[in-house]
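A.B. asks:
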Amino acid sequence: MEERTLLIVKPDAVSQHHMGSIITMVEAEGFRILGMKMTQLDREQAGAFYAVHQGKPFYEELLDFMTSGPIVPMALSRKEGVSYLRQVVGATNSREAAEGTIRAQFGTDVQQNAVHASDSPENAAKEVAFFFAEDERFGG
Ligand code: CDP
Ligand code: MG
320 MEERTLLIVK PDAVSQHHMG SIITMVEAEG FRILGMKMTQ LDREQAGAFY AVHQGKPFYE
380 ELLDFMTSGP IVPMALSRKE GVSYLRQVVG ATNSREAAEG TIRAQFGTDV QQNAVHASDS
440 PENAAKEVAF FFAEDERFGG
């Protein structure tokens with residue numbers, strides 16, 4: 320079944336000129352891009368997006384990082400899109416991510432890991448709606 324998911328190219332990968340390579344990889348892996356934009360989060364928006372991590376030791380620094388520059392959120396669709404994208408993205412810690420994954424190629428460490436990917440279909444629906452209005456998504 321075609322399934323939507325959200326990918327975000329994080330500030331580290333945008334500033335290091337990796338967004339084009341990342342777009343190429345997700346298209347080569349069979350994802351359709353339904354929506355894409357460049358934007359910069361303020362602290363309140365980043366806090367809302369990562370509300371699930373509130374109170375964790377890395378939370379405040381995560382907000383510093385995610386608000387440090389522009390990001391490129393993308394609404395994607397593919398068969399089993401959520402779990403497939405997590406595989407393409409690799410482990411949270413870039414240093415432990417499997418060879419060939421986005422984080423292994425473009426991430427630096429456990430925080431600056433190049434991309435975000437939704438972790439469940441339920442969260443994917445919420446996260447796509449966080450960045451994209453109905454009329455900013457195309458091709459269903
Ligand atoms: O992004 P992912 O779902 O793989 O990991 P997470 O556990 O949901 O954490 C969200 C984000 O917080 C990560 O992608 C990292 O950028 C950051 N993080 C961190 O800075 N230090 C950690 N120990 C764990 C996560
Ligand atoms: Mg997560």
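Per our numbering, the sequence shown starts with residue 320, numbered consecutively.
A virtual CB, placed ideally from N, CA and C, is assigned to each residue, including glycine.
Would you call the CB atoms of residue 389 and residue 358 closer than 8 Å?
C.D. replies: The sequence position of residue 389 within the sequence shown is 70, counting from 1. The sequence position of residue 358 within the sequence shown is 39, counting from 1. Yes; because the gap between Cβ atoms is below 8 Å, this pair is in contact.
A.B. asks: Would you report the Cα separation of residue 443 and residue 391, rounded to the nearest angstrom?
C.D. replies: Locating residue 443 in the sequence shown gives position 124, where the first residue counts as 1. Locating residue 391 in the sequence shown gives position 72, where the first residue counts as 1. Approximately 16 Å, taken between the alpha carbons.
A.B. asks: Using CA atoms only, rank isn't needed, just tell me which of 425, 397, 401 is closest to residue 328.
C.D. replies: Mapped onto the sequence shown, residue 328 falls at position 9. Checking every option, the nearest Cα to that of residue 328 belongs to 425.
A.B. asks: With respect to 7 Å, is the separation between the Cβ of residue 442 and the closest non-hydrogen atom of the ligand CDP below this value?
C.D. replies: Taking the sequence shown and counting its residues from 1, the one referred to as residue 442 is at position 123. False, no ligand heavy atom lies under 7 Å from that Cβ.
A.B. asks: Between residue 320 and residue 398, is the Cβ-Cβ spacing less than 8 Å?
C.D. replies: Counting from one through the sequence shown, the residue named residue 320 turns up at place 1. Counting from one through the sequence shown, the residue named residue 398 turns up at place 79. For residue 320 and residue 398, yes; Cβs fall inside 8 Å.
A.B. asks: Check whether the segment 354-369 and the segment 405-415 touch, using three or more Cβ-Cβ pairs below 8 Å as the test.
C.D. replies: The segment 354-369 vs the segment 405-415: no contact.
A.B. asks: Beta-carbon within less than 7 Å of residue 458's beta-carbon, same chain only, minus the 5 sequence neighbours each way: which residues are those?
C.D. replies: The sequence position of residue 458 within the sequence shown is 139, counting from 1. Hits under 7 Å: 351, 353.
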